[in-house]
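Read through the structure below, which is laid out as structure tokens, and then see the notes.
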Ligand code: HEM
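Numbering (our numbering), first residue to last: 1 to 148.
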């Protein structure tokens with residue numbers, strides 16, 4: 001296994017944990033919001049674990065980008081050809097760009113909850129921004145290739 005294959009495998013399995021933890025954190029925040037209960041230390045911990053996994057997934061993605069033969073293929077083909085090839089475009093442009101935006105939104109949700117004073121506002125910022133980031137991530141997963 002070379003460096004590329006190892007990072008690909010890590011990015012691939014870590015994605016399960018990341019998406020699972022994000023789903024738990026956002027459902028927990030929506031549940032807290034609708035129950036009108038106080039925001040507890042446990043709620044903060046659930047959100048923080050999801051944030052940490054997301055950031056690690058992001059870093060793995062950045063490393064993978066420069067190791068992947070897809071980047072070489074894209075360079076060889078040229079940007080015009082990449083944009084016309086839906087598969088290359090997904091890996092080289094859409095997946096990275098969309099996921100960077102998703103990670104930023106999730107991070108804004110985290111810092112937003114810290115700035116909010118009241119429990120409902122804390123839950124709301126985490127729930128909405130984590131959910132938005134989660135949907136963006138799901139929209140650009142290479143489903144046909146993942147673990148195939
Ligand atoms: C943060 C959330 C992210 C999630 C949940 C995620 C998830 C995934 C998944 C499930 C795959 C398919 C793996 C496989 O084929 O087994 C993948 C591939 C890939 N990801 Fe991500 N990713 C994320 C962020 C990023 C970022 C930010 C970048 C780059 C800047 C990136 C670059 C790549 C590349 C280049 C591949 C394809 C590698 C190859 O097949 O050669 N990812 N990602």
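A virtual CB, placed ideally from N, CA and C, is assigned to each residue, including glycine. Here the structure is a predicted model, which means the values were calculated and not measured.
- In this structure, the alpha-carbon of residue 30 lies about 11 Å from that of residue 121.
- Non-local beta-carbon contacts of residue 112 in its own chain, meaning distances under 7 Å to residues more than five positions away in sequence, involve 125 and 129 in chain order.
- 106 is the residue among 33, 106, 117 and 101 whose C-alpha sits nearest the C-alpha of residue 48.
- In this structure, DSSP gives residue 125 a helical state, which the three-state scheme calls helix.
- Bounds of the alpha helix (DSSP H) holding residue 14 are 3-35.
- Taking C-alpha positions only, residue 6 is separated from residue 36 by approximately 45 Å.
- If you draw a straight line from the Cα of residue 108 to the Cα of residue 137, it is about 15 Å long.
- Going by DSSP, residue 111 is part of the alpha helix (DSSP H) stretching over 95-115.
- 9 Å or more divides the Cβ of residue 53 from the Cβ of residue 110.
- Assignment of residue 118 by DSSP, reduced to helix, strand and coil, places it in the coil class.
- For residue 43, the uninterrupted alpha helix (DSSP H) run begins and ends at 41-67, by DSSP.
- Under the three-state reduction of DSSP output, residue 80 falls in the helix class.
- Within the chosen limit of 8 Å, the ligand HEM does not reach the beta carbon of residue 40 with any heavy atom.
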